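Numbering (this note's numbering), first residue to last: 986 to 1773.
C-beta: ideal position from N, C-alpha, C; glycine also.
Values in this document were obtained by computation on a predicted structure and should not be read as measured data.
These notes are about the structure you will find just below.
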């Protein structure tokens, strides 16, 4: 059996013999029709193109494209028709495709410049180079026995075969013409789309460059005009100085003959010349200082303009918020006035009823009822937002309508039947709108505490744990009432506990299987910490007291990493049974396919399992650099075929303080962590009211994997670099799923794609064949990926 390194092209020379009386004799192939040559592996049959040898008409020459055959052992199958009778060869293992030179036993002809017989590519495999034609001589093929029909029937059969062959040939020619036309159309359309996208991108780049060039040219012209003006002033001053100096020198020379007068004149001339020179030097110094001051003030002006724009944006945002608040205030005023009117009306009705009752009493008693009538009188008075009511006993009650409209009054009463436990001084912590910060209140001697919450605020109440008592569960409300009364009771410690079942599995060899022997820790708040290992079914069970908080931690295992890098989960034991799951993947580098269950396959495993293209949820890239920090990611192959849009990194060229200012540094903590980088950008943009179309689009793209909905993120420059290095390997998986005409992953690197990495205050890094920086307000391709 021949062993050939994968990637080499070669030709099979196949002698075909027929057996007559137990002996092999020549079998002319020119008399046969429908000849077909296949190589057959365990999972696949591959047809080979062939020709009949010109020198021997019983020999076939079949060309093998080394890139189409996977690793494995292959048999040879030759079939055909002779005078209406089908014949085929026996299948024997003829050759094997191996993955390295050491495993091969076939030496190819020396067709390279340096005499190497195998060409090794950058991934450790072998590939043919140039037009290298490798032949394997003398591959033995047994033939099947040819059974001919009776002589009397041959003529009819031959005629039918000829007619059938003619019809088949006509159909094949038509199909070939249609396919060729369709292939040309598809290729033309693809080229047209590519050209149009490149043209649009080039036009956008040209327009941006032209705008910058125009601005730069205007600035250069202004600077040149200022320079010319300064130079003209300097030349004029220099001419004046030269003229003055010449004048003074002439006067000094004329006065040489006059002793004292000449000396005085010379001294005066020198003093004047020195003064003029000093003035010129001072003027030059002042000019240079003025130029430096102008440059500095121009920088300050630009910074001030940037700050003004930012403050104007903030002012507009505040104005919108003020208007919304004003609308809400007007609504609240209208509602308050309505409630006040209703209260006054109700009070007036009560007063009228009381007055009528007093009149009836006066008619009945007739005497001595003035005091009783006065006592029965009800008085109601509205003082601002406060309604003051005096009843028949003279007691005064007040009602603050505005306070009721704006706040909810919360009254908590705590009781207990546990001996030795006091409800005085119990801590009650209140958390607003999901914040981790809280306000602490303590109960009085009666176990009561009160506080006010603004209307519309969501708040959570947690209670102090008391020794000898079961913990109280947290309570969550939204402030919508005027008064909320809450009664809670501390009860003795019970033996009831919740079951926490932790299941750990791993995606390996194209399936999801239990992961035994993983250490799992359960830490109970103010209680025990227990560590145990998962059993053969990947499970472990803990018992946690009701309403207790607990944290489950799954240990990291060498050679594996957790799905999305999650090793810890926090919960509260508030139901009888909790089920928590941890999913692991091996850290083996490569390109894999994930289905909806989270199972992981190589391309060969996917084919062997009979999986379909529609079942592929993600194509996942694993490298050591990515696996070391749990930063492996995948992309949607369906989205790749549909195409990706262009988005702005941010609509403003402004600095984000939550991520490094220069992210293209492998030492930065976020160099490979696009998930965290994208999250920080989204959070800062929300706080500052900034628009980030790139990150918003990525987060809105979702996939469902292993019962978890994943949101997309933008990879960093480190992750994009890893993808660029492995793009040809990714292409092989894409072509396996969608065919050779699929949109490939490597084609994305012909265009600029944004990363989640910042390159400066106004710039961000993008990536095409290599990294570069540009303004954040520019639109480049948005490529969302998913943490897996």
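Problem set entry | Neighbourhood of residue 1447 by C-beta distance below 6 Å, restricted to the same chain and skipping five residues each side | 1414, 1459
Exercise. Under the three-state reduction of DSSP, which class applies to residue 1131: helix, strand or coil?
Worked result: The predicted position of residue 1131 is uncertain, since its pLDDT is 33 and thus under 50; no value can be drawn from it.
For this session: Would you mind giving the Cβ-Cβ distance between residue 1769 and residue 1740, rounded to the nearest angstrom? I have them listed as a contact below 8 Å.
Result: Not really, about 12 Å apart at Cβ, beyond 8 Å.
Problem set entry | Under the three-state DSSP convention, the category residue 1437 falls into | strand
Exercise. Is residue 1003 helix, strand or coil when you go by DSSP?
Worked result: It is a strand residue.
Exercise. Considering only C-alpha positions, which residue in the set 1393, 1420, 1542, 1441 is nearest to residue 1469?
Worked result: 1393
For this session: Apply the 10 Å Cβ neighbour rule to residue 1077 and answer buried if 16 or more other Cβ atoms are within range, or exposed otherwise.
Result: exposed
Problem set entry | residue 1589: first and last residue of the uninterrupted alpha helix (DSSP H) it sits in | It spans 1588-1593 - the alpha helix (DSSP H) in which residue 1589 sits, taken as one unbroken run.
Exercise. Below 9 Å between beta carbons: does that hold for residue 1528 and residue 1484?
Worked result: yes
For this session: With distances taken Cα to Cα, identify the nearest neighbour of residue 1403 among 1467, 1526, 1477.
Result: 1477
Exercise. Does the region 1741-1757 come within contact of the region 1607-1623, defined as at least 3 CB pairs closer than 8 Å?
Worked result: no
Problem set entry | For residue 1707, the nearest candidate out of 1664, 1756, 1695, 1687 (CA to CA) | 1756
For this session: Just tell me which of 1423, 1033, 1409, 1467 has its CA closest to the CA of residue 1396.
Result: 1467
Exercise. In the DSSP assignment, what residue or residues form a beta bridge with residue 1554?
Worked result: Note: residue 1554 sits in a beta bridge opposite 1537.
For this session: Express the C-alpha separation of residue 1589 and residue 1115 in angstroms, rounding to a whole number.
Result: Any answer about residue 1115 is weak, because its pLDDT of 31 lies below 50 and its placement is not dependable; what the coordinates show is given next. Computed Cα separation, rounded: 28 Å.
Exercise. For residue 1019, which residues from the same chain have a beta carbon less than 6 Å from its beta carbon, with the 5 sequence-adjacent residues on both sides left out?
Worked result: 1065, 1066
Problem set entry | N- and C-terminal bounds of the alpha helix (DSSP H) containing residue 1705 | 1702-1710
Exercise. By Cβ distance, which residues of its chain are closer than 7 Å to residue 1759, with the 5 residues on each side in sequence left out?
Worked result: 1748, 1751
For this session: Assuming residue 1049 and residue 994 form a contact by the criterion Cβ under 8 Å, report the distance between their Cβ atoms to the nearest whole angstrom.
Result: 7 Å
For this session: Write down the C-beta distance between residue 1530 and residue 1558 rounded to the nearest angstrom, noting that I regard them as a contact closer than 8 Å.
Result: At roughly 7 Å, the Cβ-Cβ gap stays under 8 Å, so residue 1530 and residue 1558 are in contact.
Exercise. Opposite residue 1470 in the DSSP bridges: which residues?
Worked result: 1396
Problem set entry | Spatial neighbours of residue 1737 in its chain, beta-carbon cut-off 6 Å, leaving aside the 5 residues before and after | 1751, 1753, 1765
Exercise. Are the region 1642-1657 and the region 1620-1632 touching by the rule of at least three beta carbon pairs closer than 8 Å?
Worked result: no
Problem set entry | Separation of residue 1772 from residue 1029, as counted between CA atoms | 34 Å
Problem set entry | Residue range of the beta strand (DSSP E) that includes residue 1035 | It spans 1035-1037 - the beta strand (DSSP E) in which residue 1035 sits, taken as one unbroken run.
Exercise. Taking the C-alpha atoms as reference points, what is the distance between residue 1621 and residue 1522?
Worked result: 31 Å
Exercise. How many Å lie between residue 1005 and residue 1012 at the Cα?
Worked result: 10 Å
Exercise. When the Cα of residue 1427 is compared with those of 1412, 1712, 1560, which residue comes out closest?
Worked result: 1412
Exercise. Counting only beta-carbon atoms, is residue 1644 nearer than 9 Å to chain B?
Worked result: In summary, chain B is missing from the structure at hand, where a single protein chain is found.
Exercise. Which residues in the same chain have their Cβ closer than 6 Å to the Cβ of residue 1506, if we skip the five residues on either side of it in sequence?
Worked result: 1516, 1538
Exercise. If we ignore side chains and look at the alpha-carbon of each, how far apart do residue 1399 and residue 1512 end up?
Worked result: Spanning the two alpha carbons is a distance of roughly 24 Å.
For this session: State the DSSP-derived secondary structure class of residue 1177, mapped to helix, strand or coil.
Result: helix
For this session: Taking residue 1472 and residue 1442 to be in contact with their CB atoms under 8 Å, please state how far apart those CB atoms are, rounded to whole angstroms.
Result: Going by Cβ atoms, the distance from residue 1472 to residue 1442 rounds to 22 Å, so no, they are not a contact pair.
Problem set entry | Boundaries (first-last residue) of the beta strand (DSSP E) holding residue 1046 | 1044-1049
Exercise. To which residues of the same chain is residue 1574 closer than 7 Å at the C-beta, ignoring the five residues directly before and after it?
Worked result: 1607, 1608, 1609
Problem set entry | Straight-line gap, residue 1678 to residue 1698 (C-alpha atoms, nearest Å) | Near 12 Å, if we compare the C-alpha coordinates of residue 1698 and residue 1678.
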